[in-house]
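Please read the structure below before turning to the comments.
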Amino acid sequence: MRISELERRTGVSQRLLRYYEEQGLLRPERLPSGYRVYAEDDVTTVEHIRNLLAAGLSTTTIADLLPCMGSAGGQLIADCPELLLDLQRERARLSAAIAELTTARSTLDQVISTAPPSVEHEAARLRGLS
DNA sequence: TTTCTAACA
DNA sequence: TGTTAGAA
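Going by the working numbering, the first residue of the first sequence is number 7, and it counts up by one from there.
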């Protein structure tokens, strides 16, 4: 399929699909015209890319990981042990980020709880505007 | 009409 | 990332 169809089937813009290729995440074939030709599997691959990107992984890590993804529901293929190390590292990074955000939220909660009723009333009015 | 590259907002 | 110009 060509780029328009992949865009339609994945909801990912052509601009982004070309960017993914630039980052080594996709390897479409080329027609003599230069047009990209994507495989059926690329639809799932793009979905994987979206998930991993949302998980905060870098494009380079994803590039290493993709070859280890089964076409099923993101199952890891048996012979890719080195990747487990990277994934565990990413998991630790996420845990640290969550801890920081939780602390930040508590700080905000504390400040918010000091607001007098008059301020709360004004806040409610402003929310109604936006 | 569709896609490509490159570059700017 | 979106958008767009100019060329196949």
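All residues carry an ideal CB built from backbone N, CA and C; glycine is no exception.
Fair warning: this is a prediction, and the values are worked out from it, not measured in the lab.
Where residue i and residue j are concerned, what is the direct C-alpha to C-alpha distance, given to the nearest angstrom?
i, j, result
"Ser126", "Arg133", "The sequence given here has Glu at residue 126, not Ser. Between Glu126 and Arg133, the C-alpha separation is close to 11 Å."
"Gly17", "Ala130", "37 Å"
"Arg8", "Ile118", "52 Å"
"Thr66", "Gln116", "40 Å"
"Pro122", "Glu128", "10 Å"
"Gly40", "Glu46", "19 Å"
"Ser112", "Leu58", "29 Å"
"Arg56", "Ala110", "27 Å"
Spatial neighbours of residue i within its chain, please: CB distance less than 7 Å, with the 5 preceding and 5 following residues excluded, ordered by chain position.
i, result
"Ala69", "Gln29, Gly30 and Leu31"
"Ser19", "Glu13"
Find the nearest neighbour of residue i within the set the options, judged by alpha-carbon distance.
i, options, result
"Leu72", "Ser64, Glu88 and His54", "His54"
"Leu90", "Leu100, Cys74 and Gln116", "Cys74"
"Gly62", "Glu35, Val49, Asp92 and Thr50", "Asp92"
"Val49", "Ser64, Leu23 and Thr113", "Leu23"
"Ala60", "Glu106, Ala110, Pro123 and Glu96", "Glu96"
"Arg99", "Ser64, Ser124, Gly40 and Ser10", "Ser64"
Sorted by chain position, which residues of the same chain lie with C-beta nearer than 8 Å to residue i's C-beta, five sequence neighbours on each side aside?
i, result
"Val52", "Leu12, Thr16, Val18, Leu23, Tyr26 and Leu32"
"Val43", "Met7, Arg8, Pro34, Glu35, Arg36 and Leu37"
Complete alpha helix (DSSP H) runs within the stretch 50-106 (minimum length 4 residues, chain order): As far as the stretch 50-106 is concerned, its whole alpha helix (DSSP H) runs of at least 4 residues are 65-71.
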